[in-house]
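Working notes, beginning with the structure itself.
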């Protein structure tokens, strides 16, 4: 058994890579940052790819690399002076998602770091809790807790949005 | 749990870029360009349409390493490249421009000699000697397996020459179609006997 051509990996998973990066960085001026992070992640993955064990879960590995690269870009852009447009916040205009008009995305970005990471890795990247734990450097139980807490907060904000819509 | 699923589905939909297909294409282009620049594009490939069907053409930084006919299975050829050369295999890039032009010139009859850098690493031992001798057989010329064996100083190795031709990693660019059985007819060909006949007819001006 050997590794498939990297082209196959990109074709199957580049959308997931981009979503993970958008979870960390997206919204407003962050959309371009998210695409930069996804590009960084794919290049880093290509470089390391030949040393990956053929029986590895390539998708999980790629999600972990993407999440790490997105955090790197987030740290770099936090040190960079922002223009008002680049303030993190809910998605707006053309960049806005279709699911909850960006409300859940905004709520995700408002979560504490650990919860945001756990929700992103588990529910956007589809990693198993053991993989989430090792990517975050915490125990599996802690990873489960962070994901559950984060999801509860998202659900609360989702309900709130619904209520507001009903009242309007 | 429906609530949770709604939240997860909603979040994923929020995170989908407005045009994910376009975003994926942009990412792929950036990856190929950056990989070429950083010497990480170990194998670049593209498929080209030709009179003998769709061809897979793949190249390393050294030169074209593989040409595969559609009946050989392009996916299988790519998997083999990933296993034997490097799994850093990507579609696209400018590396195949020269090979695509050379094939075009060959099929149009404008060029009787294919001048493009080749990487012969997929042919070793006697097979390597066989494929290296192929450019010595010119456009329109035909030799038998036995004659090529004699040219290689291995009379009696006609069968091994046949194997070398059958497993030529670079058909068309290295003209194994010009080697035929002494008994007559075009003989076997990785692209199919009918295509071998077509190529020989092309070169005869038929």
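Residue numbers (the numbering used here), protein chains in the order written: chain A, 1260 to 1427; chain B, 10 to 215. C-beta: ideal position from N, C-alpha, C; glycine also.
### Task
Kindly list the residues whose CB is nearer than 7 Å to the CB of residue 1278 of chain A, restricted to its own chain and excluding five residues on each side of it in sequence; keep chain order.
Here residue 1278 of chain A is taken as the residue at index 19 of the first chain, counted from 1. Annotation for residue 1278 of chain A: 1383 place their beta carbon closer than 7 Å to its own, counting only its chain and skipping 5 residues before and after.
### Message
Counting only Cβ pairs nearer than 9 Å, list the residues of chain A close to residue 37 of chain B.
### Response
As a working mapping, residue 37 of chain B is identified with position 28 in the second chain. For the C-beta of residue 37 of chain B, the chain A residues within less than 9 Å are, from N- to C-terminus, 1266, 1269, 1270, 1273, 1301.
### Message
Does chain A have any CB closer than 8 Å to the CB of residue 96 of chain B?
### Response
For the purposes of this step, residue 96 of chain B is identified with residue 87 of the second chain, where counting begins at 1. Answer yes: the Cβ-Cβ gap between residue 96 of chain B and chain A drops below 8 Å somewhere.
### Residue range of the alpha helix (DSSP H) that includes residue 166 of chain B
Residue numbering aside, residue 166 of chain B sits at position 157 when the second chain is read from its first letter. Residue 166 of chain B -> no alpha helix (DSSP H), and no H or E assigned at all.
### Message
Taking beta-carbon pairs under 8 Å, can you tell me which members of the region 1402-1417 of chain A lie near chain B?
### Response
Flagged, chain order: 1410, 1413, 1414, 1417.
#### Entry: Buried or exposed by the 16-neighbour rule on C-beta atoms within 10 Å, applied to residue 1346 of chain A
The residue you call residue 1346 of chain A lines up with position 87 of the first chain. Note on residue 1346 of chain A: pLDDT 44, under 50, position unreliable in the model; the coordinate value appears next. Counting every other CB atom within 10 Å of its CB across the protein chains shown gives residue 1346 of chain A a total below 16, marking it as exposed.
### Message
Which residues in chain A have a C-beta closer than 8 Å to the C-beta of residue 40 of chain B? List them in chain order.
### Response
Within the second chain, the letter at position 31 stands for residue 40 of chain B. For residue 40 of chain B, the chain A residues whose C-beta falls within less than 8 Å of its own C-beta are 1269, 1298, 1301, 1302, 1305, listed in chain order.
### Query
At which residues does the alpha helix (DSSP H) containing residue 1308 of chain A begin and terminate?
As a working note, residue 1308 of chain A is residue 49 in the first chain. Looking at the DSSP string, residue 1308 of chain A is not in any alpha helix (DSSP H), and its letter there is neither H nor E.
### Query
Exposed or buried, which one is residue 237 of chain B when buried takes at least 16 other CB atoms within 10 Å?
The first residue shown for chain B is 10 and the last is 215, placing residue 237 of chain B beyond what the model contains.
### Query
Out of curiosity, what's the CA-to-CA distance linking residue 39 of chain B and residue 154 of chain B?
Start at 1 with the first residue of the second chain, and residue 39 of chain B comes out as number 30. Start at 1 with the first residue of the second chain, and residue 154 of chain B comes out as number 145. The alpha-carbon atoms of residue 39 of chain B and residue 154 of chain B are separated by roughly 47 Å.
### Task
To the nearest angstrom, report how far apart residue 1387 of chain A and residue 1321 of chain A are at their CA atoms.
One-based indexing of the first chain puts residue 1387 of chain A at position 128. One-based indexing of the first chain puts residue 1321 of chain A at position 62. Rounded to whole angstroms, residue 1387 of chain A to residue 1321 of chain A spans 14 Å at the Cα level.
### Query
Using the beta-carbon of each residue, which ones in chain A are nearer than 7 Å to residue 2 of chain B?
Since the first and last residues shown for chain B are 10 and 215, residue 2 of chain B lies out of range.
### Query
Does residue 1382 of chain A have its Cβ less than 8 Å from a Cβ in chain B?
Counting from 1 along the first chain, the entry for residue 1382 of chain A is found at position 123. True, the Cβ-Cβ gap to chain B drops below 8 Å.
### Message
What does DSSP give as the partner residue(s) for residue 71 of chain B in the beta ladder?
### Response
Here residue 71 of chain B refers to the residue found at position 62 when the second chain is read from its first residue. Its beta-bridge partners do not exist; DSSP assigns none.
### Query
At least one CB of chain B closer than 8 Å to the CB of residue 1315 of chain A: is that the case?
Residue 1315 of chain A sits at position 56 when you count from the first residue of the first chain. So, not an interface residue.
#### Entry: Distance between residue 25 of chain B and residue 1291 of chain A (C-alpha atoms, nearest Å)
Counting from 1 along the first chain, the entry for residue 1291 of chain A is found at position 32. Counting from 1 along the second chain, the entry for residue 25 of chain B is found at position 16. It is roughly 14 Å from the alpha-carbon of residue 1291 of chain A to the alpha-carbon of residue 25 of chain B.
### Through-space distance from residue 1385 of chain A to residue 14 of chain B, alpha-carbon basis
Working through the second chain from its first residue, we reach residue 14 of chain B at position 5. Working through the first chain from its first residue, we reach residue 1385 of chain A at position 126. Those two C-alpha atoms are separated by around 13 Å.
### Query
Exposed or buried, what is residue 1250 of chain A when buried is set at 16 or more other beta-carbons lying within 10 Å of its beta-carbon?
The requested residue 1250 of chain A does not occur in the structure, where chain A is confined to residues 1260 to 1427.
### Task
Examine chain A for any beta-carbon lying closer than 8 Å to the beta-carbon of residue 19 of chain B, and answer yes or no.
Here residue 19 of chain B refers to the residue found at position 10 when the second chain is read from its first residue. Residue contact with chain A for residue 19 of chain B: present (Cβ-Cβ distance below 8 Å to some residue of chain A).
### Message
Please return the same chain residues whose Cβ sits closer than 7 Å to the Cβ of residue 1408 of chain A, not counting the five positions on each side in sequence.
### Response
For this step, residue 1408 of chain A is matched to residue 149 along the first chain. Answer for residue 1408 of chain A: 1374, listed in chain order.
### Message
Restricting to Cα atoms, I'd like to know which of B:76, B:84, B:137, B:22 is closest to residue 109 of chain B.
### Response
Taking the second chain and counting its residues from 1, one reaches residue 109 of chain B at position 100. Checking every option, the nearest Cα to that of residue 109 of chain B belongs to B:76.
### Chain-order list of residues whose beta-carbon lies under 6 Å from that of residue 94 of chain B (same chain, five-residue window excluded)
As a working note, residue 94 of chain B is residue 85 in the second chain. Only 52 meet the Cβ criterion.
### Query
If you count every other CB in all the chains shown that lies within 10 Å of the CB of residue 1289 of chain A, and 16 or more means buried, which is it?
The sequence position of residue 1289 of chain A within the first chain is 30, counting from 1. Under this definition residue 1289 of chain A is a buried residue.
### Query
Can the beta-carbon of residue 201 of chain B be found less than 8 Å from the beta-carbon of residue 80 of chain B?
Numbered from its first residue, the second chain carries residue 201 of chain B at position 192. Numbered from its first residue, the second chain carries residue 80 of chain B at position 71. Contact flag set, yes.
### Task
Pair every Cβ in the region 140-160 of chain B with every Cβ in the region 84-104 of chain B, then say whether three or more of these pairs are closer than 8 Å.
Under the Cβ criterion (8 Å, minimum of three pairs), the region 140-160 of chain B does not count as touching the region 84-104 of chain B.
### Message
Beta-carbon within less than 8 Å of residue 1370 of chain A's beta-carbon, same chain only, minus the 5 sequence neighbours each way: which residues are those?
### Response
Taking the first residue of the first chain as 1, we reach residue 1370 of chain A at position 111. Taken in chain order, the residues that qualify are 1378, 1409, 1412, 1413.
### Task
Would you tell me roughly how many angstroms separate the C-alpha atoms of residue 198 of chain B and residue 120 of chain B, rounded to the nearest one?
By 1-based counting over the second chain, the position of residue 198 of chain B is 189. By 1-based counting over the second chain, the position of residue 120 of chain B is 111. The straight-line gap from Cα to Cα measures roughly 22 Å.
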